[in-house]
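Enquirer: Quick mapping for you: the protein sequence lines, in order, are chains U and R.
Numbering of the first sequence is given in UniProt numbering, commencing with residue 1 and proceeding in unit increments.
Numbering of the second sequence is given in UniProt numbering, commencing with residue 1 and proceeding in unit increments.
There are 2 protein chains.
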Amino acid sequence: MDDDRVFRALADPNRRRLLDRLCDRNGQTLGQLCESMDMTRQSVTQHLGLLEQANLISTVRRGREKLHFINPVPLYEVYARWIRKFEEGRLGLLHDIKQELERNGN
Amino acid sequence: MDDDRVFRALADPNRRRLLDRLCDRNGQTLGQLCESMDMTRQSVTQHLGLLEQANLISTVRRGREKLHFINPVPLYEVYARWIRKFEEGRLGLLHDIKQELERNGN
DNA sequence: TTGACAGGCAGGTAAAGGCCTGCATATTTT
DNA sequence: AAAATATGCAGGCCTTTACCTGCCTGTCAA
Chain U
1 MDDDRVFRAL ADPNRRRLLD RLCDRNGQTL GQLCESMDMT RQSVTQHLGL
51 LEQANLISTV RRGREKLHFI NPVPLYEVYA RWIRKFEEGR LGLLHDIKQE
101 LERNGN
Chain R
1 MDDDRVFRAL ADPNRRRLLD RLCDRNGQTL GQLCESMDMT RQSVTQHLGL
51 LEQANLISTV RRGREKLHFI NPVPLYEVYA RWIRKFEEGR LGLLHDIKQE
101 LERNGN
């Protein structure tokens, strides 16, 4: 998995919106996705391209149409490899601060 | 929680690295964090500023030093509100594609 | 086969992002 | 008090990014 591409792809609200739309209904065409995007088709194409490079979506051509499918795997991996470790044992934020301050006699 | 700030903050590899360092050892000063960052102190400050705006870290001043603490809450919320919903019932990606193709007689 | 429809490709522009230098401030140490 | 240390602030530069317009290609249907 390419962490960086995934995080960068998720950085844009429009791209997250596209993922939301695909989550509502998987397998939509470019045209369908454009309807909910308030920008030109070409811009949507670019966003979808970045999502595909990040492996967050997969596509299948059907005649002159192109169907877009969300791929949950990289998202899960981001969680599993990256986010989860920050949760573990780190919920004691205030405890850490307090401890640090006390260690130095403030 | 401000989704957008969090995702944008996570988009940069240097900022993710900073979070990694804080995960290794919580409560480090700016100077300490700089040692592992291969860029000027001022740049690190900017990155830390974005992380703080995203509420991914909290800071405490101690004399002339500034201690940085990681805050796992927004990361958990990103997972809980956003990532998790893409996992649920979406692991059947290939199933979806196959179904869509069959529905149209390909 | 011609017109309509779905999508692809190639620049061009304006804004945002990331990094730097230079200087200022606040705290500690000598 | 003066020097050293830790951080803050401002501005400039260059690259990337997110849009757009304009035009081309492939597919389907009349």
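Positions of the beta carbon are idealized from the N, C-alpha and C atoms, including for glycine.
Should leucine 10 (chain R) be flagged as near chain U, meaning a C-beta pair shorter than 9 Å?
Expert: Yes, because at least one Cβ of chain U sits closer than 9 Å to the Cβ of leucine 10 (chain R).
Enquirer: Within 9 Å (strictly less), CB to CB, does lysine 85 (chain R) reach chain U?
Expert: Cβ-Cβ to chain U under 9 Å: yes for lysine 85 (chain R).
Enquirer: Can you tell me which of R:Leu75, R:Arg25, R:Gly49, R:Lys85 puts its alpha carbon nearest to the alpha carbon of arginine 84 (chain U)?
Expert: Cα-wise, what sits closest to arginine 84 (chain U) is R:Leu75.
Enquirer: Going by DSSP, name the residue or residues bridged to leucine 67 (chain U).
Expert: U:Thr29, U:Val60, per the DSSP bridge assignment.
Enquirer: List the residues of chain U that aspartate 4 (chain R) touches, going by C-beta distances under 7 Å, in chain order.
Expert: Chain U residues near aspartate 4 (chain R): Pro13.
Enquirer: With a 10 Å radius around its C-beta and 16 neighbouring C-beta atoms as the bar for buried, classify asparagine 14 (chain R) as buried or exposed.
Expert: Exposed, since its Cβ has fewer than 16 Cβ neighbours within 10 Å.
Enquirer: What is the DSSP secondary structure of tyrosine 79 (chain R), reduced to helix, strand or coil?
Expert: Residue state, collapsed to three classes: helix.
Enquirer: Per DSSP, what kind of secondary structure is methionine 36 (chain R) in: helix, strand or coil?
Expert: Here residue 36 (chain R) is serine; the residue named in the question, methionine, does not match the sequence. Coil.
Enquirer: According to the Cβ coordinates, are threonine 40 (chain U) and leucine 48 (chain U) closer than 9 Å?
Expert: Not closer than 9 Å, so no.
Enquirer: For alanine 54 (chain R), which of helix, strand or coil comes out of DSSP?
Expert: It is coil, neither helix nor strand.
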